[in-house]
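When you line the sequence shown up against the working numbering, it's residues 21 to 594, in that order. Quick reminder that beta carbons are idealized off the backbone N, C-alpha and C, glycines included. Report on the following structure.
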Amino acid sequence: MATPLRSNSRLSTAMERTGQWVFSQEIPTDVIVEVGEANFNLHKFMLVAKSNYIRKLIMETNEADLTRINLSEIPGGPEIFEKAAKFCYGVNFEITVHNVAALRCAAEYLQMTDKYCDNNLAGRTEDFLSQVALSSLSGAVVVLKSCEDLLPMAEELKIVQRCIDVASARACNEASFPCRTPPNWWTEELSILDVELFGRIIGAMKQRGAKPLTIATALITYAERWLRDLVRDHSGNGIKCSEPIDSDLRIQQRELLESIVQLLPAEKAAFPIHFLCCLLRCAIFLKASSACRNEVEKRISLILEHVTVDDLLVLSFTYDGERLFDLDSVRRIISGFVEKEKSMAVFNGGDFREVSSSAMQRVAKTVDAYLAEIATVVELSISKFNGIANLVPKGSRKVEDDLYRAIDIYLKSHPNLDEIEREKVCSSMDPLKLSYEARVHASQNKRLPVQIVLHALYYDQLKLRSGGADDRNQPDAVTTRNQLQADVSLVKENEALRTELLKMKIFISDMQKNNQTGTSSKSIGTRKPTFFSSMSKTLGKLNPFRHGSKDTSHIDDNLGVDVTKPRRRRFSIS
């Protein structure tokens, strides 16, 4: 009696079981079948009775007695060949949805067809496929999953296409008429597939008329399964991504993401905006292609009125929440939405320069709140801050209190800015659109530049002067704004003049103190004009009453002073 031979590699448990049932035949084996690292001691006559492929090998060989056959290329490997060999020996084994595709491919490889022998392995597996495996969505998906390692033979045998047809039809039916709970259970079933096969099912569902929301539901489930750490975290405070961006894992994730984006349905509003924001952050992090990023950005911009501050923050921060991403994507999204609103305004006969739709007003409020959140980041430059603030049309902000709050937070978080830089930060805000409470706060805010503070101080006075009308009901806003600017310029000039006069007064006082010790030794009649008297005369010429009754500019300074006449008064502004 023969015993199964063992190679240098250790045989698996399945191979040992195969040896046991071959040994039980009590007939010496006459051929060794090699499948990978496994060796099977079998009988030629048992194999030839079912396999036309093995019969041809034995008949066409040049060897007198063929004792070794290599079948390492058989689909399914040693495990599937074991079942095929059992079938040749008439030993029972179980055909399941997990192995039926591999058995069908192995039967085709070994030519174990009904044409060669009735009730052969190929016919048995075909019956199981049509009657059992492809009778349900779950069975079709499992068989299709097993085909991933059986290509291209599974494709040639039409197993893949049959599974796709059944899966797409069942999925469309479940989406329209759910018979299980939860209703979206079928999306979890499809998500186990490779992205290529999954994409083919999605394409088949589109051809069958599946709704965009149905396709979107399946894509969301698939993305959350395969990009779990990158998509499911919506907070912006996730775990640190320690995997290098050029690692095999990240490359696979990048290719997967780009494939998912290509599968997005044409309906732009089919996806929740928070999912699109997470998808875009994933694309930014993985350095996906420009086409991939642009497609997601366009979809977000089209439904930006539904965005929240948290959604925009998802785009702005890294997964650990410690630093800003490149804000160019946020700017492009807002700009795209504004352009869309302008186009709609023109189409409706409005003025594209004054976009103030309800959607635009909601976006403006969200953008201002978003600026307040990112204003605390030290590395946020003035140009980037203003670049986002200025994207919103002026007419969309009826009241600019939210923008003022964002600017105040930015100035507080960047205390080393000089006056000019602070003015640049405030340039995106219109002080005339601040509420009364905001103006009161601004008038006492030492962080603001002088110009903004003066606007806040003078605005209420101008309102009283014009009759106390509210700022939004002013008949001539341009005149009011020009008057404010003129007053601000005048106040600045007065402040500069007051400072210079103060310095001059201190200088003259110091000169007088230095000259007090030397005045006693000089003659009163020969006293020379001092700097103080010269300056007093010079300032006297600036007298506003020069042409009035008290004008003294005609008096000759070189003549002596008559002590009998009243002393000439000096008009000093010191």
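Practice prompt. List the endpoints of the continuous beta strand (DSSP E) containing residue 60.
Written response: The sequence position of residue 60 within the sequence shown is 40, counting from 1. From DSSP, the beta strand (DSSP E) with residue 60 extends over 58-62.
Discussion item. Quick check: what's the CA-CA separation for residue 268 versus residue 251?
Written reply: As a working mapping, residue 268 is identified with position 248 in the sequence shown. As a working mapping, residue 251 is identified with position 231 in the sequence shown. Looking at the two C-alpha atoms, the distance is approximately 19 Å.
Practice prompt. Using the DSSP secondary-structure output, state which residues sit across from residue 90 in a beta bridge.
Written response: What you label residue 90 is simply residue 70 of the sequence shown in a count that begins at 1. Its beta-bridge partners are 54.
Item to complete: Take residue 316 as the anchor and find which of 79, 407, 281 has the nearest alpha-carbon.
Response: Locating residue 316 in the sequence shown gives position 296, counting from the first residue. 281 is the residue among 79, 407, 281 whose C-alpha sits nearest the C-alpha of residue 316.
Worksheet item: Would the beta-carbon of residue 386 fall within 9 Å of that of residue 332?
Response: The residue given as residue 386 occupies position 366 in the sequence shown. The residue given as residue 332 occupies position 312 in the sequence shown. In contact: residue 386 and residue 332 (Cβ atoms closer than 9 Å).
Worksheet item: Which residues share a DSSP beta bridge with residue 344?
Response: The residue given as residue 344 occupies position 324 in the sequence shown. DSSP lists 337 as partners of residue 344.
Practice prompt. Take residue 415 as the anchor and find which of 203, 452, 392, 288 has the nearest alpha-carbon.
Written response: Here residue 415 corresponds to residue number 395 of the sequence shown, with the count starting at 1. When each option's Cα is compared against that of residue 415, the closest is 452.
Worksheet item: So what does DSSP say about residue 532, is it helix, strand or coil?
Response: Start at 1 with the first residue of the sequence shown, and residue 532 comes out as number 512. In the structure shown, residue 532 sits in a helix (DSSP, three-state: H, G or I).
Item to complete: Drop a sphere of 10 angstroms on the beta-carbon of residue 456, count the other beta-carbons inside from all chains shown, and report buried for 16 or more, exposed for fewer.
Response: Within the sequence shown, residue 456 is the residue found at index 436, counting from 1. Exposed is the call here.
Item to complete: Run the CB neighbour count on residue 545, radius 10 Å, all protein chains shown included, and call it buried at 16 or more, exposed below.
Response: As a working note, residue 545 is residue 525 in the sequence shown. Residue confidence for residue 545 is low, a pLDDT of 47 falling below 50, so the modelled location carries little weight; the figure read from the coordinates is stated next. Exposed, since its Cβ has fewer than 16 Cβ neighbours within 10 Å.
Worksheet item: Leaving out five residues before and five after residue 355 in sequence, what residues of the same chain have Cβ atoms less than 7 Å from its Cβ?
Response: If you number the sequence shown from 1, residue 355 lands on position 335. The residues are 411.
Worksheet item: With 16 other CB atoms within 10 Å as the buried threshold, where does residue 348 fall?
Response: Within the sequence shown, residue 348 is the residue found at index 328, counting from 1. It counts as exposed.
Discussion item. Using C-beta distances below 6 Å, list every residue in its chain close to residue 406, excluding the 5 sequence neighbours before and after it, in chain order.
Written reply: Your numbering for residue 406 matches position 386 in the sequence shown. 448.
Worksheet item: Between which two residues does the alpha helix (DSSP H) containing residue 98 stretch?
Response: As a working mapping, residue 98 is identified with position 78 in the sequence shown. Its alpha helix (DSSP H) spans residues 97-109.
Worksheet entry | DSSP state of residue 229 mapped onto helix, strand, coil | Along the sequence shown, one-based indexing puts residue 229 at 209. DSSP places residue 229 in coil when its eight states are reduced to three.
Discussion item. Between the alpha carbons of residue 116 and residue 137, how many angstroms are there, rounded?
Written reply: Taking the sequence shown and counting its residues from 1, one reaches residue 116 at position 96. Taking the sequence shown and counting its residues from 1, one reaches residue 137 at position 117. Roughly 23 Å separates the two Cα atoms.
Worksheet item: Rounded to a whole number of angstroms, what is the C-alpha to C-alpha distance between residue 346 and residue 472?
Response: Against the sequence shown, residue 346 aligns to sequence position 326. Against the sequence shown, residue 472 aligns to sequence position 452. Rounded to the nearest angstrom, the two C-alpha atoms are 31 Å apart.
Item to complete: Below 6 Å CB to CB, which residues in the same chain sit around residue 207 once its five sequence neighbours on both sides are set aside?
Response: One-based indexing of the sequence shown puts residue 207 at position 187. These residues qualify, in order along the chain: 237, 238, 241.
Worksheet item: For the alpha helix (DSSP H) that residue 116 lies in, which residues bound it at each end?
Response: Here residue 116 is taken as the residue at index 96 of the sequence shown, counted from 1. First-last for residue 116: undefined, no H or E at that position.
Practice prompt. Could you tell me whether the segment 102-110 touches the segment 163-172, using the rule of 3 or more Cβ pairs below 8 Å?
Written response: no
Worksheet item: Where do the ends of the alpha helix (DSSP H) carrying residue 287 lie?
Response: Here residue 287 refers to the residue found at position 267 when the sequence shown is read from its first residue. Premise fails: residue 287 is in no alpha helix (DSSP H) and is neither H nor E.
Worksheet item: CA-CA distance, residue 159 and residue 152?
Response: Against the sequence shown, residue 159 aligns to sequence position 139. Against the sequence shown, residue 152 aligns to sequence position 132. So the alpha carbons of these two residues sit roughly 8 Å apart.
Item to complete: May I ask you to report which of helix, strand or coil DSSP gives residue 162?
Response: For the purposes of this step, residue 162 is taken as the residue at position 142 of the sequence shown. Residue 162: helix per DSSP, three-state reduction.
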